[in-house]
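Take a look at the structure below.
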Amino acid sequence: MGFWELFIETIPGYKDAIINTINITLLGLLIGLGIGLFFAFLKVSKLKVLNIIADMYIYLVRGTPLIVQIFILYFGLVQFVDLGRLLSGGIALGIHNGAYIAEIFRGSIQSIDRGQTEAARSLGMTSTMSMRRIVLPQALRRAIPPLGNQFIIALKDSSLVAFIGFQDLFNRAQRIQSSTGMAMESYIIVGIYYLILVLILTFIVNRIERALSKSERGVDHE
Amino acid sequence: MSKQQPAIEVKSLNKYFGKLHVLKDIDMTINENEVVVLIGASGSGKSTLLRCLNFLEMKNGGEIIIEGENIDPKKDNLNTVRQRIGMVFQHFNLFPHKTVIGNVIEALIHVKKMNKEEAVTIGMEYLEKVGLAEKAKVYPRTLSGGQKQRVAIARALAMEPDMMLFDEPTSGLDPELVGEVLEVMKNLAKEGMTMVVVTHEMGFAREVADRVVYMDQGVIIEEGAPDVIFEQAAEERTQEFLSRVL
Ligand SMILES: Nc1ncnc2c1ncn2[C@@H]1O[C@H](COP(=O)(O)OP(=O)(O)O)[C@@H](O)[C@H]1O
Ligand SMILES: [Mg+2]
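From first to last, the protein sequence lines are chains A and B.
Residue numbering for the first sequence follows the working numbering, beginning at 1 and increasing consecutively.
Residue numbering for the second sequence follows the working numbering, beginning at 1001 and increasing consecutively.
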């Protein structure tokens, strides 16, 4: 059996694997965005304690391998509560990406000119209101390119959940390799699947970016 | 409230940035309907003084009395104080993610809690006043500097403040765009708006100011009617400064 035969023959089996990889990546990103925004707020806060808490979180997460985090959340946690592979893996990916996303949001919030907040405050807006209505919308827009980059990293890193037995793309590839013995072909095929997903993700991020920058150039359509 | 009550009273105001003593025992009174122009070399503390007046900077000592109310930043609601004091910045600080009218109605809706229709009606009135009603639906980035600054003025005016602070409103503009902004400010002065203006436009000061205040190194050196300050300043430092800028 050659490469193309293996490729075509394994397509049906990959359908669920693709969906599972997308699901766990989306779950991880959703959790990661929430965590990221939360810790970004702690980091830009004027309260030193909150800065330190955020720094500690980011240090713990960035200082340990993702595979260790995934194993803690699955094999470690299973002694107390079994969340299942999808949820455990998704939370681990969320915690992990949350630290990086926090830094992205922090950077984009701090990149917004101080004059914006000052103008808002001078009009009588509260600090929460000026953050929510003036700074954040601009910061989120600015965060989209680095977020897109992080999303791609998250998608590829999700392959590590294969090692807790989650039936994702990489897990599928391992199974195909062990049943056929065609290691080179199996892993190149799964690589192609990741490339296609990354391509789609890049396309979506670019579209969002363009749509947002267009709205600032033209006329308001409300 | 009595007619005599000053709009702003500053008593021995002190401000430090770390060890840097930026404002030194400033005493100043701005009367209602008065136009005061603040002049002085760069770094003398003009912006800081202006920003202390609406509490964008916090004083380290002294009193700031707004319309008879001695404001305590720890106790008083600064957001309601700021609503009474409009501010215009050198760099406009328009909200780039909002249209021109969106900029003007933002605080009407979210601070004054007006409904959108009402806010747009008022917002359009003020855009008309600065001559930019036809630009209501475009985004700020498509405007010239002079237009941006006029929108910023409309945005501040729409809140119907009792007084306006201008921090070098024309310093960021190409020379040919200065006039249109000064024109709007002149009209505002004619209508009796209480104004404190930091500017290097001495022509404007001469023509519009009721009083000119000269600051140097965090101290008010001298103040008086424009013709007195410009023709016969008492202090040597003032004369020196004026000979450099006039
Ligand atoms: N946020 C700040 N932190 C530290 N120093 C500042 C800050 N703002 C202003 N200064 C300093 O305070 C002094 C007065 O500044 P400023 O009020 O901006 O002067 P002006 O508006 O007259 O040019 C300057 O020496 C300036 O460097
Ligand atoms: Mg200044």
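Beta carbons: idealized from backbone N, C-alpha and C, even for Gly.
Straight-line Cα distance separating glycine 28(A) from arginine 207(A): 22 angstroms
Under 8 angstroms, do leucine 1023(B) and leucine 1038(B) count as touching if we go by C-beta distance? no
Chain B contact for alanine 119(A) (CB, 8 angstroms cutoff): yes
Nearest CA to the CA of asparagine 1031(B): which residue from Arg1244(B), Ile1065(B), Phe1241(B)? Ile1065(B)
Indicate whether glutamate 1235(B) and isoleucine 1221(B) have their beta-carbon atoms separated by less than 8 angstroms. yes
Between which two residues does the alpha helix (DSSP H) containing aspartate 1162(B) stretch? First-last for aspartate 1162(B): undefined, no H or E at that position.
I'd like to confirm something about lysine 46(A): is its beta-carbon nearer than 7 angstroms to some heavy atom of ligand 1, or not? no
Less than 7 angstroms separating the Cβ of leucine 1020(B) from some heavy atom of ligand 1? yes
Spatial neighbours of alanine 1007(B) within its chain, please: C-beta separation below 7 angstroms, excluding the five flanking residues on both sides. Ile1030, Asn1031, Glu1032, Glu1067, Asp1162, Met1163, Thr1194
Give the residues of chain B in contact with methionine 129(A), contact being defined as C-beta atoms less than 7 angstroms apart. His1110
Length-filtered (3 minimum) beta strand (DSSP E) runs lying within the stretch 1022 to 1065 of chain B: 1035 to 1040
Pair within 8 angstroms by beta-carbon distance, asparagine 1093(B) and glutamate 118(A): yes
Residues of chain A with CB under 8 angstroms from proline 1175(B), in chain order? Within chain A, no residue comes near proline 1175(B); the closest Cβ sits about 23 angstroms away, beyond 8 angstroms.
Across the stretch 1148 to 1168 of chain B and the stretch 1045 to 1057 of chain B, are there enough close Cβ pairs to call them in contact, namely three or more that are closer than 8 angstroms? yes
Lysine 1046(B): CB within 7 angstroms of a non-hydrogen atom of ligand 2: yes
Residue from Val1036(B), Asp1025(B), Gln1083(B), Pro1140(B) whose Cα sits closest to the Cα of lysine 1059(B): Asp1025(B)
So, helix, strand or coil for methionine 1(A), using DSSP? coil
On a CA-only basis, which of Val135(A), Phe105(A), Thr126(A), Gly107(A) is nearest glycine 115(A)? Give me that one, please. Val135(A)
From isoleucine 236(A) to isoleucine 144(A), what distance separates their C-alpha atoms? Nothing about residue 236(A) can be reported from this structure: the residues present for chain A run from 1 to 222 only.
Using alpha carbons as the reference points, say which of Ala1233(B), Leu1246(B), Val1184(B), Asp1210(B) lies closest to glutamate 1201(B). Leu1246(B)
Any beta carbon from chain B within less than 8 angstroms of leucine 147(A)'s own beta carbon? no
Check whether the Cβ atoms of glycine 979(B) and leucine 1182(B) sit closer than 8 angstroms, and answer yes or no. Residue 979(B) is absent from the model: chain B starts at 1001 and stops at 1246.
For the alpha helix (DSSP H) that valine 68(A) lies in, which residues bound it at each end? 66 to 71
State buried or exposed for isoleucine 19(A), treating a residue as buried only when at least 16 other CB atoms are found within 10 Å of its CB. exposed
Contact between the stretch 1148 to 1155 of chain B and the stretch 188 to 205 of chain A: three or more CB pairs below 8 angstroms? no
Considering only their Cβ atoms, is the gap separating glycine 1179(B) from glutamine 1090(B) smaller than 8 angstroms? no
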